[in-house]
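The block underneath contains the structure these notes are about, expressed in structure tokens.
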Amino acid sequence: MNKKIELLAPAGDLERAKVAIRFGANAVYLGGKRFSLRSRASNFEISDIKEACDYAREYGAHIHVTINIIPHDEDFDGLEGYLKELENAGVTAVIVASPTIIQTVKKVAPKLEVHLSTQMSTTNLKAIEYYQRLGVDRIVYARECNLEEVCMISKNSPVPTEAFIHGGMCVNYSGRCTLSNAMTLRDANRGGCAQSCRWKYHLIQGEKEISKEDCLFSMSSKDLMAVDVLYDLMDANVASLKIEGRMKSAYYIASVVHTYRKAIDEIAQTEKPLDAERLEYYANELSKAENRPTSIGFYRGLPTAKAHLYGINGAGVTHDFVGVVMAYDQDSQIAKVQVRNVFGCGYELEVFGPHIDNEAFVVDSIINSDKENIEVANQPMTIVEVKIPFIVEPQDLIRRK
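In UniProt numbering, the protein residues as written are 1 to 401.
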């Protein structure tokens, strides 16, 4: 069993990268301003990437950078210089989806590991052996692999493997979609995905609309949630467990990373699969993030219609993110809280963080920056004082049900 399996988290900007690491990620993957499939994320300048690498180093973590577009000839301009900058910044690995980029990395930035993106649809051992000969250091499985395939390949692979465990699933094969090209003139395979599969559509048959106004058609997959196969993946010596979501919020990343960190550590300690009670606990914890409805993806076989969203999209969110602890005085038990969403006196709130696990309290008073007692905190990014009857730390997060 791989007890030291890597938990790999996404980050769309520097704040989210630091949150992911602080809440338990062993590595973070992010995109630069070019060559990445998430052009709508804030993304990172080289200076930000260097700061992320320096921060990660303090925690013994690593930074991976996506260069996973399907490149056309004009996309190679500036690539060699960019790779050298990443190497000098302290990046551990680049995630690529082109044999040409693999060769370029090996030539100009040999200290960088090369991880083959899920975009390359790797589903078998022969393909992995081929990519190893090209110099690839890690393979990211296609999401279309089932659990039996992942476990068999990982036990026999000549290079480390990486598998997705949480987040968005593409309705197309390994992300190779052209809906955005047709509908928005944006190339999804060069960073321009508009998530057209998640739009709402009117269905017309002949001249008659057959969709209902309150249940328009969409064609997206449910999000992946694979907490119940963690033991199998760890037992098969998968090297890294990957969370999707570079467009997601800091709260989402903190919630999901925190939960998977606890689950992985529990399995590593017990060396046993999670029982039904613990699986339910972790599933409930994950539902506190900003999830869409979830499924097990391809791990238990080909997904049925129940793994897709064709009409009403019921959100799976049970909690709202309301604040960040900025400071705490143990003598007075007063916390300075940066407001992110509305809460008020009488609300039951819950705090979680790297060293605190879902401690609840009831708000009995709120004091604003003018030292006035207020009933409701409803001005985002302002600082208020709240009594919390247990020790909290700066950057712990607060949520309400």
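Even for Gly, the Cβ is constructed at its ideal location relative to N, Cα and C.
Neighbourhood of residue i by C-beta distance below 8 Å, restricted to the same chain and skipping five residues each side
| i | result |
| --- | --- |
| residue 43 | 12, 13, 30, 31, 32, 33 and 36 |
| residue 261 | 7, 23, 24 and 25 |
| residue 156 | 125 |
| residue 137 | 93, 113, 114, 115, 159 and 160 |
| residue 301 | 146 |
| residue 153 | 124, 125, 128, 141, 145 and 161 |
| residue 310 | 217, 218 and 219 |
| residue 78 | 34 |
Candidates the options, of which the one nearest residue i by Cα
| i | options | result |
| --- | --- | --- |
| residue 393 | 343, 382, 399 and 325 | 325 |
| residue 200 | 288, 385, 193 and 217 | 217 |
| residue 66 | 309, 115, 18 and 76 | 115 |
| residue 100 | 271, 206, 330 and 72 | 72 |
| residue 168 | 265, 1 and 118 | 118 |
| residue 294 | 78, 227, 17 and 18 | 227 |
| residue 249 | 90, 397 and 303 | 397 |
| residue 91 | 358, 311, 359 and 57 | 57 |
| residue 269 | 246, 235, 251 and 300 | 235 |
| residue 362 | 18, 354, 371 and 347 | 347 |
| residue 214 | 206, 202 and 225 | 202 |
| residue 196 | 374, 184 and 329 | 184 |
| residue 192 | 370, 177 and 254 | 177 |
| residue 375 | 345, 368 and 395 | 345 |
Beta-carbon separation (whole angstroms), residue i vs residue j, contact threshold 8 Å
| i | j | result |
| --- | --- | --- |
| residue 189 | residue 69 | 7 Å |
| residue 123 | residue 144 | 6 Å |
| residue 299 | residue 256 | That belief does not hold up - the Cβ atoms of residue 299 and residue 256 are roughly 17 Å apart, past 8 Å. |
| residue 104 | residue 74 | Not confirmed; about 15 Å, so no contact. |
Other residues of its chain near residue i: CB distance less than 7 Å, five sequence neighbours each side excluded
| i | result |
| --- | --- |
| residue 163 | 141, 150, 233, 238, 241 and 242 |
| residue 259 | 282, 285 and 286 |
| residue 198 | 218 and 220 |
| residue 333 | 387, 388 and 389 |
| residue 320 | 341, 399 and 400 |
| residue 15 | 250 |
| residue 46 | 85 and 89 |
| residue 407 | This structure cannot settle anything about residue 407, because the visible part of the chain is limited to 1 through 401. |
Cβ shell of residue i (< 6 Å), same chain only, five flanking positions each side left out
| i | result |
| --- | --- |
| residue 132 | 158 and 159 |
| residue 343 | 322, 377 and 400 |
| residue 359 | 351 and 390 |
| residue 307 | 222 and 295 |
| residue 187 | 181 |
| residue 245 | 10 and 167 |
| residue 2 | 234 and 237 |
| residue 252 | 289 and 290 |
| residue 171 | 197, 219, 220 and 221 |
Contact test: residue i Cβ vs the ligand HEM heavy atom, cutoff 7 Å
| i | result |
| --- | --- |
| residue 383 | Among the components modelled here there is no ligand, and therefore nothing to report on the ligand HEM. |
| Which residue spans inside the region 195–226 form an unbroken beta strand (DSSP E) run of at least 3? | Along the region 195–226, the beta strand (DSSP E) occurs as fully enclosed runs of 3 or more residues at 223–225, listed in sequence order.
| Can you list, in chain order, the stretches of the alpha helix (DSSP H) that have 4 or more residues and sit fully within the region 81–166? | 99–108, 125–134 and 147–156
| field | Sufficient close CB pairs (3 or more, under 8 Å) joining the region 100–114 to the region 73–92 | value | Because the criterion of three Cβ pairs below 8 Å is met, the region 100–114 and the region 73–92 touch.
| query | Is it a yes or a no for the region 277–296 touching the region 123–132, going by three-plus beta-carbon pairs under 8 Å? | reply | no
| Cβ pair count under 8 Å reaching 3, the region 328–343 against the region 377–390 | The region 328–343, when compared against the region 377–390, does touch it at the 8 Å Cβ threshold.
| query | Which ranges would you report for the beta strand (DSSP E) in the region 301–369 if only whole runs of at least 3 residues count? | reply | 320–329, 334–339, 348–353 and 356–362
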